[in-house]
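To start, the structure itself, in structure tokens.
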Amino acid sequence: MGPFNEHSSGHRNNFDLLRLFAACQVMFSHAWNWLHLGDSLNGTAVFNLLFSAPGVAIFFVISGFLITDSYIRSSSAASFFVKRSLRIFPALFVNIAVMELALLVTGGLNVTGILQYLSYFTVYILTAARIWAVYFTYEPYTMSGFYGASDPSGVLWTLTVELTFYLTLPMLLQIWRRWKRAGALIVAVAALGSWVMAQHFNITDKYDPFLSVTAGPTFWIFSMGVLARLYWHRVSKIFEGKLLWWLATHLAITWWVAGTSAAFVSINNAAPVDAFRIAVLAGLVLSAAHSFPHPNLLRGQDLSYGIYLYHMLVMHTLIAIGWVGHWWLWIVEPVGTVALAALSWVLIEKPAMKLRTLLVARRLSVA
């Protein structure tokens with residue numbers, strides 16, 4: 001397809017820091033609910049602030065912006081898919097393997113046949129969707145043993161959503177590349193259709209595995225990042241250096257909707273107030289990324305993916321032991337999660353990213 005650098009968005013931003021914040025928000029919100037660490041604070045200002053910026057929605061907005069930028073800067077569709085695969089699959093493979101091994105040794109996994117289980121494991125790895133793996137093969141979990149849960153990691157559905165987004169986006173961007181206005185209109189129409197779909201689908205609905213865990217009901221959130229990146233040269237002034245303004249607006253809306261339904265925790269319930277809230281949150285994310293940038297603050301260490309992958313496994317282990325409701329779990333849960341995330345970064349993700357860089361460099365040198 002050839003590279004097309006359509007108005008570079010620059011590399012001085014805070015997206016890595018924001019991804020870390022989003023991963024920690026997901027980790028702490030799950031600990032709050034599953035480990036019963038904040039039962040007495042439900043409905044308080046602390047609760048409202050924690051859940052007013054859902055990490056998954058933040059991830060989707062950032063992904064819409066950065067994945068669009070990645071595709072724009074890729075030399076070909078093949079290069080784009082190689083880069084995405086090397087970022088997602090190595091750590092995902094190890095994470096699922098660790099979870100399956102934990103279930104096996106604690107009596108929660110029923111391997112009736114090697115080939116049958118390998119077919120299940122393969123579908124699970126390629127799609128990150130246990131729902132799809134069970135649908136196409138069989139149910140290997142026994143709901144017994146140490147964990148006593150059907151899935152010690154209930155967050156991988158978002159990676160399935162990401163993967164379907166990666167497959168969908170290149171088609172939309174190819175249209176946009178040839179016909180700018182028509183392409184932007186198609187993205188906007190797809191976003192509207194996604195918002196309508198979100199009214200009718202529960203993301204975790206096991207009875208609708210082919211649509212509920214795809215980008216379909218959530219593309220409207222991705223699209224905010226996609227359109228912002230495509231027209232960054234026109235809209236950047238709305239966000240750059242405007243962090244305090246966007247933060248004040250977000251906090252005002254948080255105060256306004258505090259205590260009304262589950263607006264702070266549900267992103268697939270696309271009621272008008274939720275859609276408006278997430279649109280403002282998207283503006284806050286884009287502004288935070290491009291206000292007072294500190295691109296070297298984390299020194300290139302990106303633990304956000306590992307934190308997102310492993311926090312549920314750590315949490316379910318604590319639950320299985322019987323450690324719930326203790327204040328010191330606020331320390332044990334994040335320390336254990338960050339330790340696993342650091343190992344994942346050093347041993348798996350960073351080497352995979354180096355390989356990705358080498359492959360892209362070699363492709364460019366040959367071209």
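Per UniProt numbering, residue 1 is the first one in the sequence shown, and the count goes up by one each step. Every residue, glycine too, gets a C-beta built ideally from N, C-alpha and C.
Starting from the C-beta of residue i, find all residues in its chain whose C-beta is less than 8 Å away, skip the five residues before and the five after it, and write them out in chain order.
i    : result
E240 : S287, H290 and S291
L17  : H294, L297 and L298
M353 : L86 and R87
I175 : A182, G183 and I186
L329 : A31, L35, L37, L318 and W323
Secondary structure at residue i, three-state DSSP: helix, strand or coil?
i           : result
Y231        : coil
L169        : helix
I203        : In this prediction, I203 has a pLDDT of 47, which is less than 50 and means its spatial position is unreliable; what the coordinates show is noted afterwards. In this structure, I203 counts as coil in the three-state DSSP scheme.
Y141        : strand
L109        : strand
F59         : helix
D302        : coil
E100        : helix
V252        : Reading off the sequence, residue 252 comes out as Ala, not Val. Here A252 sits in helix by DSSP.
E333        : helix
residue 376 : The structure shown does not extend to residue 376, since the chain spans only 1 to 367, so no value can be given for it.
A193        : Correcting the residue identity first, residue 193 is Gly in this sequence and not Ala. DSSP places G193 in helix when its eight states are reduced to three.
G64         : helix
D151        : coil
A289        : helix
R12         : coil
L358        : helix
T122        : helix
N33         : helix
F222        : helix
P217        : helix
H311        : helix
P90         : helix
H326        : coil
L340        : helix
L247        : helix
G283        : helix
S74         : coil
A128        : coil
Excluding the 5 residues preceding and the 5 following residue i in the sequence, name in chain order all residues of the same chain whose CB lies nearer than 7 Å to its CB.
i           : result
L247        : L284
residue 379 : Past the boundaries of the shown model lies residue 379; the chain is included only from 1 to 367, so the question cannot be answered.
Y231        : none
I307        : A23, C24, M27, T337, V338 and A341
W327        : none
T137        : Q116, S119, Y120 and V123
A191        : F219, W220 and S223
V235        : A228
Determine the burial state of residue i: buried for a count of at least 16 other Cβ atoms within 10 Å of its Cβ, exposed for fewer.
i           : result
Q25         : buried
E333        : buried
F15         : buried
I221        : buried
G300        : exposed
A129        : buried
K83         : buried
E139        : exposed
I67         : buried
L20         : buried
H250        : buried
F65         : buried
R210        : According to the sequence displayed, residue 210 carries Phe and not Arg. Exposed, because fewer than 16 other Cβ atoms sit within 10 Å of the Cβ of F210.
L101        : exposed
V226        : buried
T357        : exposed
residue 379 : An answer regarding residue 379 cannot be provided, because it is not within the stretch 1 to 367 covered by the chain.
V213        : buried
I278        : buried
M171        : exposed
L355        : exposed
L173        : buried
G108        : buried
residue 396 : Because the chain in this structure spans residues 1 to 367, residue 396 falls outside the shown range and cannot be described.
I'd like the list of long-range same chain contacts for residue i, defined as Cβ closer than 6 Å, with 5 residues on each side in sequence excluded.
i           : result
A133        : Y120, V123 and Y124
G38         : W32
residue 381 : Absent from the model: residue 381. The displayed extent of the chain is 1 to 367, so no value can be given.
N13         : A289, H290 and P293
N110        : P140 and T142
Less than 8 Å between the CB atoms is what I'm expecting for residue i and residue j, so what's the real figure, rounded?
i    : j    : result
M197 : A282 : Contact doesn't hold; Cβ gap of about 19 Å is too wide.
G193 : M312 : Incorrect: roughly 31 Å between the Cβ atoms, too far for contact.
F59  : T158 : 7 Å
Y280 : I253 : Note on identity: in this sequence residue 280 is Val, with Tyr being the wrong assignment. Indeed, because the Cβ distance is near 6 Å, the residues count as touching under 8 Å.
S63  : E162 : 6 Å
L303 : W345 : 6 Å
T164 : A215 : 4 Å
T106 : T127 : In fact, because the Cβ distance is near 25 Å, the residues do not count as touching under 8 Å.
Kindly examine the ligand ATP and report whether one of its heavy atoms sits closer than 7 Å to the Cβ of residue i.
i    : result
W132 : This structure lacks the ligand ATP, and indeed carries no ligand of any kind.
Original post:
Are the stretch 129-147 and the stretch 46-53 touching, with three or more C-beta to C-beta distances below 8 Å?
Top reply: no
**OP:** Flag this pair as touching only if the stretch 171-184 and the stretch 150-161 have three or more C-beta atom pairs under 8 Å; answer yes or no.
**Re:** no
Original post:
Do the stretch 20-37 and the stretch 317-330 meet, that is, are 3 or more Cβ pairs less than 8 Å apart?
Top reply: yes
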